[in-house]
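In the numbering used here, the protein residues as written are 341 to 501.
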(Lines of atoms letter the chains of each structure in order from A and count residues from 1; the text may use other names and numbers.)
(Lines give C-alpha, C1' and ligand atoms only; values in the text may rest on other atoms or scores of the structure.)
Protein backbone atom coordinates (compact mmCIF):
# COMPACT_ATOMS: atom_id res chain seq x y z
CA UNK A 1 0.00 0.00 0.00
CA UNK A 2 1.22 3.48 -0.89
CA UNK A 3 0.44 6.67 1.03
CA UNK A 4 0.28 10.24 -0.22
CA UNK A 5 -0.08 13.03 2.33
CA UNK A 6 -0.49 16.73 1.71
CA UNK A 7 -1.40 19.71 3.88
CA UNK A 8 -1.98 23.35 3.10
CA UNK A 9 -3.20 26.31 5.09
CA UNK A 10 -5.65 28.75 3.56
CA UNK A 11 -7.32 31.98 4.57
CA UNK A 12 -10.90 30.84 5.22
CA UNK A 13 -13.17 29.49 7.92
CA UNK A 14 -13.55 25.74 8.38
CA UNK A 15 -17.33 25.78 7.61
CA UNK A 16 -16.68 27.66 4.35
CA UNK A 17 -13.91 25.24 3.30
CA UNK A 18 -15.99 22.20 4.22
CA UNK A 19 -18.92 23.61 2.24
CA UNK A 20 -16.63 24.02 -0.80
CA UNK A 21 -15.49 20.40 -0.59
CA UNK A 22 -19.10 19.24 -0.02
CA UNK A 23 -20.08 20.42 -3.49
CA UNK A 24 -19.26 17.73 -6.08
CA UNK A 25 -19.24 20.43 -8.76
CA UNK A 26 -16.02 21.79 -7.29
CA UNK A 27 -14.11 18.57 -8.02
CA UNK A 28 -13.58 19.63 -11.64
CA UNK A 29 -12.29 23.03 -10.48
CA UNK A 30 -9.46 21.47 -8.46
CA UNK A 31 -8.55 18.75 -10.98
CA UNK A 32 -5.99 19.46 -13.75
CA UNK A 33 -7.74 20.19 -17.07
CA UNK A 34 -5.63 17.57 -18.85
CA UNK A 35 -7.47 14.81 -16.96
CA UNK A 36 -10.76 15.99 -18.48
CA UNK A 37 -12.58 15.22 -15.25
CA UNK A 38 -16.35 15.08 -15.62
CA UNK A 39 -19.14 13.77 -13.45
CA UNK A 40 -21.15 11.07 -15.19
CA UNK A 41 -24.84 10.92 -14.45
CA UNK A 42 -26.48 12.89 -11.68
CA UNK A 43 -24.35 13.85 -8.72
CA UNK A 44 -25.81 14.76 -5.36
CA UNK A 45 -26.26 18.51 -4.82
CA UNK A 46 -24.14 18.19 -1.70
CA UNK A 47 -22.13 15.28 -0.36
CA UNK A 48 -23.18 13.31 2.71
CA UNK A 49 -22.54 9.89 4.23
CA UNK A 50 -23.25 7.27 1.58
CA UNK A 51 -23.13 9.70 -1.37
CA UNK A 52 -21.94 8.05 -4.56
CA UNK A 53 -20.24 9.90 -7.40
CA UNK A 54 -19.44 8.43 -10.78
CA UNK A 55 -17.03 10.29 -13.00
CA UNK A 56 -14.70 9.88 -15.92
CA UNK A 57 -11.10 10.93 -16.21
CA UNK A 58 -8.69 10.82 -19.10
CA UNK A 59 -5.40 9.04 -18.47
CA UNK A 60 -3.00 9.06 -21.43
CA UNK A 61 -5.22 7.71 -24.26
CA UNK A 62 -7.75 5.96 -21.99
CA UNK A 63 -10.99 7.24 -20.51
CA UNK A 64 -11.38 5.68 -17.08
CA UNK A 65 -14.57 5.19 -15.12
CA UNK A 66 -14.23 5.98 -11.44
CA UNK A 67 -16.89 5.54 -8.76
CA UNK A 68 -16.41 6.75 -5.19
CA UNK A 69 -18.61 6.60 -2.12
CA UNK A 70 -18.46 8.80 0.97
CA UNK A 71 -17.83 6.33 3.79
CA UNK A 72 -17.22 8.78 6.64
CA UNK A 73 -18.88 12.17 7.04
CA UNK A 74 -18.12 14.41 10.02
CA UNK A 75 -18.87 18.05 9.13
CA UNK A 76 -17.01 20.34 9.32
CA UNK A 77 -14.01 18.26 10.46
CA UNK A 78 -13.50 15.47 7.93
CA UNK A 79 -14.84 13.07 5.38
CA UNK A 80 -13.54 10.04 3.58
CA UNK A 81 -14.17 8.68 0.11
CA UNK A 82 -13.53 5.14 -0.99
CA UNK A 83 -13.17 3.97 -4.58
CA UNK A 84 -15.82 1.39 -5.44
CA UNK A 85 -14.74 1.05 -9.09
CA UNK A 86 -11.81 2.58 -10.85
CA UNK A 87 -8.17 2.39 -11.81
CA UNK A 88 -6.86 1.45 -8.35
CA UNK A 89 -7.17 -1.81 -6.49
CA UNK A 90 -7.62 0.30 -3.32
CA UNK A 91 -8.19 4.06 -2.99
CA UNK A 92 -9.09 5.61 0.37
CA UNK A 93 -8.92 9.41 0.57
CA UNK A 94 -9.38 11.10 3.94
CA UNK A 95 -9.98 14.87 3.89
CA UNK A 96 -9.45 16.58 7.25
CA UNK A 97 -9.88 20.27 8.10
CA UNK A 98 -8.32 21.83 11.18
CA UNK A 99 -8.98 25.40 12.22
CA UNK A 100 -6.38 27.80 13.53
CA UNK A 101 -6.97 31.32 14.78
CA UNK A 102 -6.73 32.85 11.30
CA UNK A 103 -6.68 29.94 8.89
CA UNK A 104 -7.75 26.42 8.08
CA UNK A 105 -5.38 23.60 7.25
CA UNK A 106 -6.55 21.05 4.71
CA UNK A 107 -5.03 17.61 5.28
CA UNK A 108 -5.23 14.95 2.57
CA UNK A 109 -4.29 11.38 3.38
CA UNK A 110 -4.56 8.93 0.48
CA UNK A 111 -3.93 5.21 0.82
CA UNK A 112 -3.82 3.36 -2.48
CA UNK A 113 -2.82 0.12 -4.12
CA UNK A 114 -2.37 -0.40 -7.84
CA UNK A 115 -3.59 -3.54 -9.59
CA UNK A 116 -1.37 -5.98 -11.51
CA UNK A 117 1.17 -6.80 -8.78
CA UNK A 118 4.77 -6.26 -9.99
CA UNK A 119 3.59 -4.47 -13.13
CA UNK A 120 1.56 -2.06 -10.97
CA UNK A 121 4.59 -1.42 -8.75
CA UNK A 122 6.68 -0.65 -11.83
CA UNK A 123 4.00 1.72 -13.16
CA UNK A 124 3.94 3.43 -9.77
CA UNK A 125 7.70 3.97 -9.84
CA UNK A 126 7.76 5.14 -13.46
CA UNK A 127 4.68 7.35 -13.63
CA UNK A 128 1.75 7.01 -11.20
CA UNK A 129 3.41 8.47 -8.09
CA UNK A 130 4.69 11.48 -10.01
CA UNK A 131 1.31 11.99 -11.67
CA UNK A 132 -0.51 11.93 -8.31
CA UNK A 133 1.96 14.49 -6.94
CA UNK A 134 1.33 16.71 -9.99
CA UNK A 135 -2.45 16.42 -9.47
CA UNK A 136 -2.15 17.43 -5.81
CA UNK A 137 0.27 20.25 -6.71
CA UNK A 138 -2.32 21.60 -9.16
CA UNK A 139 -5.00 21.25 -6.52
CA UNK A 140 -2.87 23.17 -4.00
CA UNK A 141 -2.34 26.07 -6.42
CA UNK A 142 -6.02 26.20 -7.38
CA UNK A 143 -7.26 26.12 -3.79
CA UNK A 144 -4.83 28.91 -2.92
CA UNK A 145 -6.18 30.97 -5.84
CA UNK A 146 -9.75 30.40 -4.67
CA UNK A 147 -9.21 31.05 -0.94
CA UNK A 148 -5.82 32.74 -0.62
CA UNK A 149 -3.00 31.80 1.69
CA UNK A 150 -2.73 33.00 5.32
CA UNK A 151 0.56 34.76 4.52
CA UNK A 152 -0.96 36.73 1.64
CA UNK A 153 -4.01 37.61 3.73
CA UNK A 154 -1.81 38.79 6.58
CA UNK A 155 0.17 41.04 4.25
CA UNK A 156 -3.11 42.47 2.92
CA UNK A 157 -4.55 42.87 6.44
CA UNK A 158 -7.47 40.47 5.81
CA UNK A 159 -9.11 38.04 8.21
CA UNK A 160 -10.57 34.70 7.08
CA UNK A 161 -14.03 34.75 5.53
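Beta carbons: idealized from backbone N, C-alpha and C, even for Gly.
Near the ligand MG: residue i beta-carbon under 7 Å from a heavy atom
i, result
"residue 431", "Questions concerning the ligand MG fall outside what the structure shown contains, since it holds no ligand whatsoever."
Start and end residues, alpha helix (DSSP H) containing residue i
i, result
"residue 434", "Per DSSP, residue 434 belongs to no alpha helix (DSSP H); it is in the beta strand (DSSP E), 430-439."
"residue 459", "457-463"
"residue 371", "Careful: residue 371 lies outside any alpha helix (DSSP H) and carries neither H nor E."
"residue 442", "No alpha helix (DSSP H) contains residue 442, which DSSP labels as neither H nor E."
"residue 472", "469-487"
Contact under 8 Å by Cβ, residue i with residue j
i, j, result
"residue 415", "residue 360", "no"
"residue 410", "residue 390", "yes"
"residue 405", "residue 374", "no"
"residue 444", "residue 437", "yes"
"residue 403", "residue 396", "yes"
"residue 350", "residue 364", "no"
Those residues which DSSP pairs with residue i across a bridge
i, result
"residue 448", "346, 435"
"residue 453", "430"
Next on the checklist: Quick check on the DSSP output: what are the complete beta strand (DSSP E) runs of length 3 or more inside the region 373-421, in order along the chain?
Outcome noted: The region 373-421 contains these whole beta strand (DSSP E) runs: 392-399, 402-414.
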